[in-house]
């Protein structure tokens, strides 16, 4: 077992983690701000891949999809929040949870009806095909690109939340919606917007995952379970926590794969169990959010 | 008792007469019902219509319908028509056993054909064995031929992992090299395939560098690939199925592994290749029981394809689809040869069949009812040339031979 191999394996883990992060931040954002446990997040992810597929079949290109897919699916997210989730605010955490759970089934079924049950291929954009030498070994160019996009989305989200007045309102609204409302801010509109952003990021993650594994209606289900592990480990609702935990999960999976590949899937859940035992609220979670 | 009250006697008599009348009234109806059952030959067909192998299963149904239609158009069995009863086994052994039992008890089927996945076919086989109903399995398994699972009611139309992996290994090892790495789905199918490769590899002095096992339903193989690259094998054998195979090939391509090693898979699925696209599969070599493209050379393949195209809107049959056709066809032809659907006579007739229905000559080996047949070695094209369905090149054909199967003794049969 050479140093190069371990270094490459570590890097592979971070790249894998970047995909988890990209998927989990939308989930964490929505939970942190709206206290909605969004079980439809995986469905938005899957719809993102299908919308990308559809746009490509109309002759669009991949770069255009990177902009258009989050916008289109984000708009669907706005509609979902406005007409389905909004009526349930104030009724506790379980109502929106059950609603989004049901919604995800409806979305998967609609996609099955529209596109069929079997999968579609999704080619890696030509310019991003192949592998490049990163010093310790060859690594797929496309995965490097995904890391870049994930970093850009994170940076953009951070700037938006920390440096704009709208971001300030979002953060304040998450802490104490009543006071913000008293100050004359339309909190409902803020929440609408946050849900839209969250679903848009999920869709972008789905689009980026499509060239890695193709597109099928059930693609959101597996990653949703893994993303919940990431948000729980990072602390429900903490975006910083989702980033750290996402990368950590990626590295844990990757390192387990090197020594005991058949344990790779289990290692994610073992990590979660350990974290929950030691620190029930996760790395950066605030206690009591779920109650 | 009889003396106690006359009223009650007469009432009892009345009841007896009435019930006797009811039986009498019912009996012609029952006889009719029996005659109706005699009239059609029912073939139960449990396959996983929903779930990860749904695409393959739906094609199996389409192909089985071709076999039924051909049989009926040729006049059936002295006028008795055949009928296909499809059930969704959901790729679940318990569900499959329940559906099979229902087909036998409620529908009174004559034969069972079907299932996909080793554990599901073994569950079906357990039920059919116990009920003494002929079952023709159309999914690969080594275990079903072994003496503990086999019965005289069991037929196996599909290839076995031993045969498939062996054929691919015998083709690939002399050509591409002796240092082999395995990436394997961690269940019976994967394990049996690896065993098949390793047994065939003994003759060539093949060295196994590593056998990396991954859980079923893995969506990211990236963490498994650097170690394989570091070992610098000549050949990477990927023994998994369905979507796992598509994703593994796609990601191995992305990692640039095809440049330094040959990627080989025991089974290359036509449906998988269509779903995953040319990029992932390009240059990959594998085995298959059937590819429609052999129609240029094999007359029976041409006839089968044409018939399939005519019935199913110009589509061509897939490999596992073709097994659905052959599985149903052989039993129906067995019944025709026997002149009856009587189980024991049909078994004898099927054992005696020498047939060429869609891919060249075949027969069932006596000791384990395994179909002795050819294995095609195929390579995925970089681009379809003649229409979207033109996805593989046939590189070689391993002719049917009992010596490529596990011996009857190895399976535990007394020969």
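Residue numbers (the working numbering), protein chains in the order written: chain A, 1 to 291; chain B, 1 to 415. Backbone N, C-alpha and C define an ideal beta-carbon position, used for all residues, glycine too.
Report, in whole angstroms, the separation of the C-beta atoms of residue i and residue j, which I expect to be a contact under 8 Å.
i             : j             : result
residue 430/B : residue 137/B : Examination of residue 430/B is not possible in this model, given that chain B is present from 1 through 415 alone.
residue 227/B : residue 5/A   : 7 Å
residue 218/B : residue 254/B : So it is not a contact: roughly 15 Å between Cβ atoms.
residue 209/B : residue 225/B : Not quite, the Cβ-Cβ distance comes to about 14 Å (not below 8 Å), so this is no contact.
residue 266/B : residue 239/B : 6 Å
residue 235/B : residue 264/B : 6 Å
residue 56/A  : residue 65/A  : 7 Å
State yes or no: is the beta carbon of residue i nearer than 8 Å to at least one beta carbon in chain A?
i             : result
residue 75/B  : no
residue 395/B : no
residue 243/B : yes
residue 247/B : yes
residue 222/B : yes
residue 226/B : yes
residue 250/B : yes
residue 389/B : no
residue 451/B : Any question about residue 451/B goes unanswered here, given that chain B covers just 1 to 415.
residue 255/B : yes
residue 418/B : Lying outside 1 to 415, the shown extent of chain B, residue 418/B is not represented and no answer is given.
residue 60/B  : no
residue 186/B : yes
residue 275/B : yes
residue 321/B : no
residue 114/B : no
From this set, the options, which residue's C-alpha is nearest residue i's C-alpha?
i             : options                    : result
residue 359/B : 370/B, 368/B, 319/B        : 319/B
residue 356/B : 156/B, 329/B, 343/B, 179/B : 329/B
residue 85/B  : 163/B, 103/B, 153/B        : 103/B
residue 126/A : 92/A, 55/A, 211/A          : 211/A
residue 335/B : 346/B, 43/B, 78/B          : 346/B
residue 283/B : 394/B, 47/B, 100/B         : 394/B
residue 251/A : 196/A, 265/A, 235/A        : 265/A
residue 192/B : 140/B, 153/B, 274/B, 178/B : 140/B
residue 214/A : 331/B, 206/B, 59/B, 249/B  : 249/B
residue 312/B : 52/B, 99/B, 64/B           : 64/B
residue 121/B : 194/B, 105/B, 98/B, 93/B   : 93/B
residue 184/A : 131/A, 173/A, 124/A, 192/A : 173/A
residue 402/B : 262/B, 221/B, 163/B, 203/B : 163/B
residue 351/B : 361/B, 331/B, 342/B, 341/B : 331/B
residue 206/A : 46/A, 28/A, 181/A, 285/A   : 46/A
residue 252/B : 130/A, 53/A, 69/A, 8/A     : 130/A
residue 151/A : 280/A, 23/A, 285/A         : 23/A
Flag residue i as yes if its beta-carbon sits less than 8 Å from any beta-carbon of chain B, otherwise no.
i             : result
residue 121/A : yes
residue 42/A  : no
residue 8/A   : yes
residue 5/A   : yes
residue 109/A : no
residue 267/A : no
residue 190/A : no
residue 213/A : yes
residue 165/A : no
residue 216/A : yes
residue 249/A : no
residue 162/A : no
residue 50/A  : no
residue 146/A : no
residue 204/A : no
residue 15/A  : yes
residue 291/A : The pLDDT assigned to residue 291/A is 49, lower than 50, so where the model puts this residue is not dependable, and the model offers no usable value.
Let me check you understand the geometry: is the CB of residue i closer than 7 Å to at least one non-hydrogen atom of the ligand ZN?
i             : result
residue 214/A : The ligand ZN is absent from the structure shown, which contains no ligands of any kind.
Name, going along the chain, the residues of the segment 193-217 of chain B whose beta-carbon falls closer than 8 Å to a beta-carbon of chain E. No chain E appears in this structure, whose protein chains are A and B.
Three or more C-beta pairs below 8 Å linking the segment 371-383 of chain B and the segment 112-129 of chain B: No, the segment 371-383 of chain B does not touch the segment 112-129 of chain B.
Does the segment 72-89 of chain A come close enough to the segment 134-154 of chain A to have 3 or more Cβ pairs within less than 8 Å? Cβ pair count under 8 Å is below three, so no.
Which complete beta strand (DSSP E) runs does the segment 178-218 of chain B hold, if anything under 3 residues is left out? Within the segment 178-218 of chain B, the runs of beta strand (DSSP E) that reach at least 3 residues and sit entirely inside it are, in chain order, 179-185, 207-214.
3-residue-minimum beta strand (DSSP E) runs that sit fully inside the segment 80-113 of chain B, ordered along the chain: Qualifying beta strand (DSSP E) stretches, in chain order: 81-88.
Touching by the beta-carbon criterion (3+ pairs, under 8 Å), the segment 295-302 of chain B and the segment 162-181 of chain B: Cβ pair count under 8 Å is below three, so no.
I'd like the ranges of any beta strand (DSSP E) spanning at least 3 consecutive residues and lying wholly in the segment 110-136 of chain B. The qualifying runs are 111-114.
Between the segment 146-163 of chain B and the segment 360-371 of chain B, can you find at least three pairs of beta-carbon atoms closer than 8 Å? Result yes; three or more Cβ-Cβ pairs closer than 8 Å.
Any chance you could list the beta strand (DSSP E) runs of at least 3 consecutive residues sitting entirely within the segment 68-121 of chain A, in chain order? Taking 3 residues as the shortest admissible run, the segment 68-121 of chain A contains no complete beta strand (DSSP E) segment at all.
Could you check whether the segment 253-273 of chain A touches the segment 224-238 of chain A, counting it as contact only if at least three pairs of C-beta atoms, one from each stretch, sit closer than 8 Å? Contact holds: three or more Cβ-Cβ distances are below 8 Å.
Contact between the segment 229-241 of chain A and the segment 181-191 of chain B: three or more CB pairs below 8 Å? No, the segment 229-241 of chain A does not touch the segment 181-191 of chain B.
Decide yes or no for the touch test of the segment 31-50 of chain A against the segment 94-103 of chain A: beta carbon pairs closer than 8 Å, at least 3 of them. Yes, since at least three Cβ pairs between the segment 31-50 of chain A and the segment 94-103 of chain A fall closer than 8 Å, the two stretches touch.
Specify whether the segment 269-285 of chain A and the segment 245-260 of chain A touch according to this definition: at least 3 beta carbon pairs, one from each stretch, less than 8 Å apart. In this structure the segment 269-285 of chain A touches the segment 245-260 of chain A; the number of beta carbon pairs closer than 8 Å is three or more.
At which residue ranges does the segment 264-300 of chain B contain complete beta strand (DSSP E) runs of 3 or more residues, listed in the order of the chain? Annotation note: the segment 264-300 of chain B contains the following uninterrupted beta strand (DSSP E) runs of length 3 or greater, listed N- to C-terminal: 285-288.
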